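Using this note's numbering, read the sequence shown as starting at 68 and increasing by one per residue.
Heads up: the structure comes next, in structure tokens.
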Amino acid sequence: MSSPFLWGVASSAFQIEGALAEDGRAASVWDTFARRPGAIRDGHSPAAACDHYHRWEEDVELLDRLGVNAYRFSIAWPRVVPRGRGAVNGAGLDFYDRLVDALLARGVTPLPTLFHWDLPQALEDGGGWRSRDTAHAFAEYAAAAADRLGDRVGRWITLNEPLVHMAYGHAFGVHAPGLALDVPEVLGVAHHLLLAHGLAARELRSRGLECLLTNNLSPVRPATASAGDADAAAAYDALHNRLFTDPVLTGAYPDLSAFGADRVPGVLDGDLELVRGSADGIGVNYYNPSVVTAPGPDPGLPFDFGEVPGAATTAFGWPVAPEGLADMLDLLVERYGDALPPLYVTENGASYADSVAPDGSVADPERIAYLEGHVGAVEAARGRGVDVRGYFVWTLTDNFEWAEGYHQRFGLVHVDHATQVRTPKHSFAWYRDLIASRTGS
68 MSSPFLWGVA SSAFQIEGAL AEDGRAASVW DTFARRPGAI RDGHSPAAAC
118 DHYHRWEEDV ELLDRLGVNA YRFSIAWPRV VPRGRGAVNG AGLDFYDRLV
168 DALLARGVTP LPTLFHWDLP QALEDGGGWR SRDTAHAFAE YAAAAADRLG
218 DRVGRWITLN EPLVHMAYGH AFGVHAPGLA LDVPEVLGVA HHLLLAHGLA
268 ARELRSRGLE CLLTNNLSPV RPATASAGDA DAAAAYDALH NRLFTDPVLT
318 GAYPDLSAFG ADRVPGVLDG DLELVRGSAD GIGVNYYNPS VVTAPGPDPG
368 LPFDFGEVPG AATTAFGWPV APEGLADMLD LLVERYGDAL PPLYVTENGA
418 SYADSVAPDG SVADPERIAY LEGHVGAVEA ARGRGVDVRG YFVWTLTDNF
468 EWAEGYHQRF GLVHVDHATQ VRTPKHSFAW YRDLIASRTG S
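Next up, the structure:
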């Protein structure tokens, strides 16, 4: 008998937990980065976030009311292994132990992510993802988490959006750890992230557990039929969609010559053999497609961006294009064939400027339309035979949106960040009813 389709929501530890110095948690790179003047819009502090560390029971009750049968959350590495490797903090694991038990008691399948960008600062001080040692530290941490929770949690995600963490954190410097490395060093970071996934997958699978890798994916369209735009689109596709997918599914890196790289540095014998076939599923985080043009005259990246014609945009300025999700799912099947494992849409959502009305309601019709279109794209893909096994809305509660602070609201539940009062939006009721209609509950 096949497993039921997973209808869920997703979150991440640093964006919701708060309690950054409680019960033995040490600093992460995001704690450090957020203290930099100007790093976070309007100086917003992540110290409280959604106070989920103290209000987790209230949030689990919201999940129960929503009717989801799965919840994707992340485990904070610096809460579990404060210095990145070495001593395991039992109090940190206790928190996730309680959360897992509470989810299971309500029929909600836990889907933990081991790394959602909050690298322990102690590891960054030793070189972070520039160092091969960090990949081995990650495998040790994965083993510790699995040893505590693996008797109840059968499916795990290793990394969340390694491309975004690599590019925004290590090339452009707009996310933690705030570095601006050259191309070879950035590609070295990519390899160490993939090696970390492969090593962690080996630990998880040795315990009889399933392992997923979650990537941010976007169908890439050249703005025109010109050769320059086509070359730019191929370069961007290699970076955005293939860099962290090809090695896992084919055992080889894509052609990165457009970036002046004839190889990815740091690859040792056996690395790609370890990585190949290391995912029992691929998580697809989808928000929008990408329209790409040839670069301008100034030296830099081998592509530039255009606009998606005719598309409405979210508060983040991202184009709304549900057909892009369908295109991406189809492209994965076409590109990887029998090597493609089952797919899970592990994030999909939209930010809008929601507010609580005088009657206490939060109307968000744009979000409902956004989700309706994207759920339709997933269901149409499944109807064509694409093996999609889950859909997770980003996110349950309005949270700390990285460098944007509290300005972007993605939640199905409005959070007053001054009082922590939670108010379900109209989209919460819409998603609840949708799930009930699909599951018969």
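We put the CB at the ideal spot given by N, CA and C, even for glycine.
Being a predicted model, the structure only gives us computed values, none of them experimental.
- With three or more CB-CB distances shorter than 8 Å, the stretch 450 to 468 counts as touching the stretch 407 to 423.
- When 191, 144 and 389 are compared, the shortest CA-CA separation from residue 375 is found for 389.
- Nearest neighbour of residue 236 by Cα position, chosen from 302, 183 and 294, turns out to be 183.
- Counted as a single uninterrupted DSSP element, the alpha helix (DSSP H) harbouring residue 157 occupies residues 157 to 172.
- Membership of residue 232 in the alpha helix (DSSP H) is indicated by the continuous run 229 to 237.
- For residue 461, DSSP records a beta bridge to 77.
- Our two residues, residue 379 and residue 437, have alpha carbons roughly 10 Å apart in a direct line.
- Leaving aside the five residues that flank residue 363 on each side, the residues in its chain whose CB is nearer than 7 Å to its CB run, in chain order, 371.
- In the displayed model, residue 195 falls within a helix according to three-state DSSP.
- Residue 369 is positioned such that its CB atom lies no closer than 7 Å to that of residue 342.
- Between residue 453 and residue 396, the C-beta spacing is below 7 Å.
- Per the C-alpha coordinates, the member of 468, 421, 353 and 257 positioned closest to residue 113 is 468.
- If only complete runs of 3 or more residues are kept, the stretch 350 to 393 shows the beta strand (DSSP E) at 357 to 360, in order along the chain.
- Membership of residue 412 in the beta strand (DSSP E) is indicated by the continuous run 410 to 414.
- The C-beta distance from residue 281 to residue 227 rounds to 5 Å, short enough to fall under 8 Å.
- When DSSP reads this structure, residue 139 sits in a beta bridge with 77 and 178.
- Within the DSSP bridge table, the entry for residue 348 names 279 as partners.
- By the 16-neighbour rule on beta-carbons within 10 angstroms, residue 367 is exposed.
- In the DSSP annotation of this structure, residue 122 is not part of any beta strand (DSSP E); the continuous alpha helix (DSSP H) holding it starts and ends at 119 to 133.
- For residue 482, the uninterrupted beta strand (DSSP E) run begins and ends at 480 to 482, by DSSP.
- For residue 288, the uninterrupted beta strand (DSSP E) run begins and ends at 287 to 289, by DSSP.
- Nearest in C-alpha terms to residue 111, of all of 495, 473 and 486, is 473.
- Using a 10 angstroms sphere on the CB of residue 488, the tally of other CB atoms stays under 16, which defines it as exposed.
- Across the structure, residue 125 and residue 102 are spaced so that their CA atoms are roughly 29 Å apart.
- The beta carbons of residue 471 and residue 77 sit no closer together than 7 Å.
- Sequence-distant Cβ neighbours of residue 251 in its own chain, meaning closer than 8 Å and more than five residues away, are 328 and 332.
- Residue 224 carries a strand assignment under DSSP once its states are collapsed to helix, strand and coil.
- For residue 432, the three-state secondary structure derived from DSSP is helix.
- Membership of residue 272 in any beta strand (DSSP E) is not indicated; the residue belongs instead to the alpha helix (DSSP H) covering 250 to 273.
- When 432, 104, 107 and 149 are compared, the shortest CA-CA separation from residue 89 is found for 149.
- Straight-line spacing of the CA atoms in residue 71 and residue 444 works out to 19 Å.
- When DSSP states are grouped into helix, strand and coil, residue 95 belongs to the strand group.
- Residue 145 sits in a helix when the DSSP states are folded into three classes.
- Under the Cβ criterion (8 Å, minimum of three pairs), the stretch 293 to 300 does not count as touching the stretch 195 to 214.
- Taking 7 Å as the cut-off, the beta carbon of residue 373 is found closer than this to the beta carbon of residue 360.
- Each residue's CA atom was taken as its position, placing residue 446 and residue 339 some 34 Å apart.
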